[in-house]
Amino acid sequence: MRDFIQFWAKFFFIMLIALGALFLFFAIDFVYIFAFFSVFAIVFFVRLVTVISQTHKHYDDLAKAEKEKARVKYVIIQ
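Numbering (the working numbering), first residue to last: 2 to 79.
Here's what the structure looks like:
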């Protein structure tokens, strides 16, 4: 999980710097620059929220499986 987030954070900022620098060579208006950066930020945060929710679901499933495994089954002998 941590490695996944670090990888995408590095990828995001490298792409942001590289494409942002390229874009700034041709852009003059601040609105275009802001829109360009906001697209990358939105994609990054959407992916981050998705990963966090999937991780929480995974840990909930693990906890449920552990409780199911630890449950004692009683047999009534008559």
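Yeah, the Cβ is synthetic: ideal placement off N, Cα and C, and Gly gets one too.
Terminal residues of the alpha helix (DSSP H) in which residue i lies
i	result
Met-16	3-27
Ile-34	31-71
Integer Cβ distance of residue i from residue j, believed to fall under 8 Å
i	j	result
Trp-9	Arg-48	6 Å
Gly-21	Phe-38	7 Å
Ile-6	Val-52	7 Å
Ile-34	Leu-25	7 Å
Contact set for residue i: own chain, Cβ-Cβ below 7 Å, skip 5 residues either direction
i	result
Thr-56	Met-2
Asp-61	none
Candidates the options: closest to residue i by CA position
i	options	result
Val-40	Met-16, Glu-69, Lys-68	Met-16
Ala-42	Ile-77, Asp-4, Phe-13	Phe-13
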